[in-house]
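Comments concern the structure below.
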Amino acid sequence: MSDGPILIFDSGVGGLTVLREARVLMPDRRFVFVADDAGFPYGDWEEDALTRRLVELFGRLIAAHGPIACVIACNTASTLALDALRAAYPQMLFVGTVPAIKPAAERTRSGLVSVLATPGTVRRQYTQDLIDQWATRCRVKLVGSVALAALAERYMRGGFVDEEAVLTEIAPCFVEEDGRRTDIVVLACTHYPFLVNRMRKMAPWPVDWLDPAEAIARQAERVVSTLGTRSISGDFDPAFFTGGEPDFATRRIVHGFGLRTR
């Protein structure tokens, strides 16, 4: 029986949405949350440099925390570096995050789907391959948002966001064509669900916003289901930030998710 934790990793606090769902599905598991805030935002990185950073960083994280599995709760990191991580650490179980294009294609009635993501995720061949595999009968619009992840981070820390700035980022998702309208927007970044209520408010018409968190957590549950269980302890699960001790607002956020920063 393994008593190692499940490591949930993101560039910022967006991965907390995945942690929340994972705890519901796996209440008998321990978790470690790691945010690479020193590298945030990943969209500013050159791809080879970011891949090298992630491979080196996970070597240290695996050695430090002894996880039974690592959940990459970040579309950019997953679509870029998941294969490199699996090659570098073949004994480790990795669960990645990919845009929910398949379920969007299955649910859409209008045939117009938008994928709201970081520019890096939009550029990946992996994303185009998902469209070619699962959504050939749909028109999929890829929308690369430069600012939305940072807006979500600021909203989580300060409780305020410029709604007009949110509208500017999501407006390209809404397409009208031959009497049809976009009816599904895939949230292809784990930060975005924190802003979904503001997105609903500012949207020009109602759509189904696909949150990836539950699907990621379910895949993690499937992956670790054969590895044994561990009774939950009374202590808080830890959160670590690569940039050092987080500020007060960030500590408040992670404490609200039942994590400790020391």
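Counting the sequence shown from 1 gives a position; my numbering is that position plus 1. For each residue, glycine too, the CB sits at the ideal point set by N, CA and C. As the structure is a prediction and not an experimental result, all values here were calculated from the model.
Under the 10 Å beta carbon count, P68 is surrounded by 16 or more other beta carbons and is classified as buried.
For W46, the three-state secondary structure derived from DSSP is coil.
A distance below 6 Å between beta-carbons, with the five flanking residues on each side excluded, links R30 to the following residues of its chain, in chain order: I7. In the pairwise beta carbon analysis, the segment 131 to 139 is classified as not touching the segment 161 to 172: fewer than three pairs are separated by under 8 Å. Within 10 angstroms of the beta-carbon of G16 lie 16 or more other beta-carbons, which makes it buried. Taking one beta carbon from each stretch, the segment 94 to 104 and the segment 169 to 189 have 3 or more pairs nearer than 8 Å; the two touch.
Nearest Cα to L149 within the set R219, F41 and G5: F41. For S79, the enclosing alpha helix (DSSP H) begins and ends at N76 to A89.
With fewer than 16 other beta carbons inside 10 angstroms of its own, W206 counts as exposed.
Listed in chain order, the non-local C-beta contacts of A151 below 7 Å within the same chain comprise P42, local neighbours out to five positions each way being set aside. One Cα belongs to D45, the other to G180, and the distance between them is close to 38 Å. Counting every other CB atom within 10 Å of its CB across the protein chains shown gives A23 a total of 16 or more, marking it as buried.
The alpha carbon of I63 has as its nearest neighbour, out of G121, E177 and F10, the alpha carbon of F10.
The DSSP-derived three-state label of P194 is helix. Residue pairing of L188 in beta bridges, as defined by DSSP: L117. The beta carbon of A216 sits closer than 8 Å to the beta carbons of A101 and P104 from its chain, once the five residues preceding and following it are set aside; these are given in chain order. A residue is called buried once 16 or more other Cβ atoms fall within 10 Å of its Cβ, and A214 is buried on that count. The criterion of a C-beta distance shorter than 8 Å is not satisfied by M203 and V14. The alpha-carbon of L94 is positioned some 8 Å away from that of V224.
If you draw a straight line from the Cα of E222 to the Cα of D4, it comes to about 15 Å. Within the model, the alpha-carbon separation for R253 versus P239 is close to 13 Å.
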